[in-house]
Amino acid sequence: MYKELDVFITGCQNTVDYWYDYGCIIASDMLAKFSQKDWEDLSSHVLMKPLEWQRKLAYCMDSSCNEHELNILLSLLDTDDEELFVICVDTLRSYTTLEAKQMIRDNPAMLVRVNELLPRAGVATRGVLEDFLVKIHG
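According to this note's numbering, the sequence shown is numbered sequentially starting from 0.
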């Protein structure tokens, strides 16, 4: 299933709207069918993937909010790309279990970066970042 997801994300060269309207739903369905081996393969390859691939993946990783997805999102936070970082933060807002919140809070560099982005963020991004902070501290 990992290979199918990889091919799908790599080959999904349609418009941005297509990905966010349809492609992410298809990718989420694929993730829901992942085996332990698929998660291991994804975890070991995700940081080597192109930036756009990582953005697409991060956007669709909140359907089951499982620990595998959480760990991959946390690994993707270590990026210089602000868009990928914000997508990860946006997706992490869905992780509401106490364990997930603790794993997120255990990443102080991410929290510092969120607070650094707030003053210069646009209205929509600011809303995402503020909501994220409320949810992980609430």
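Note that the Cβ used here is the ideal one computed from N, Cα and C, for glycine as well.
Problem - Buried versus exposed, by CB contacts within 10 Å (16 or more), Q53 - result: Residue numbering aside, residue 53 sits at position 54 when the sequence shown is read from its first letter. Counting Cβ neighbours within 10 Å, Q53 comes out buried, since at least 16 surround it.
Handout entry: Simplified DSSP assignment, three categories, for R54
Key = For the purposes of this step, residue 54 is taken as the residue at position 55 of the sequence shown. Helix, per DSSP.
Exercise for the section: Please report how far the alpha carbon of L46 lies from the alpha carbon of I24, in whole angstroms. Expected result: Position 47 of the sequence shown, counting from 1, holds the residue named residue 46. Position 25 of the sequence shown, counting from 1, holds the residue named residue 24. The alpha-carbon atoms of L46 and I24 are separated by roughly 22 Å.
Exercise for the section: Counting only the same chain and skipping the five closest in sequence on each side, list residues whose C-beta sits under 8 Å from that of T95. Expected result: The residue given as residue 95 occupies position 96 in the sequence shown. C64, K134, listed in sequence order.
Exercise for the section: Quick one: give me the first and last residue of the alpha helix (DSSP H) that T9 is part of. Expected result: Counted from its first residue, the sequence shown places residue 9 at position 10. Per DSSP, T9 belongs to the alpha helix (DSSP H) from 1-10.
Problem - Cβ neighbours of W38 in the same chain (closer than 7 Å, five flanking residues each side left out) - result: Along the sequence shown, one-based indexing puts residue 38 at 39. So the list reads H67, once near-sequence residues are dropped.
Problem - Where the alpha helix (DSSP H) through N65 begins and ends - result: The count along the sequence shown starts at 1 and reaches residue 65 at position 66. It is not in any alpha helix (DSSP H) - N65 carries neither H nor E in the DSSP assignment.
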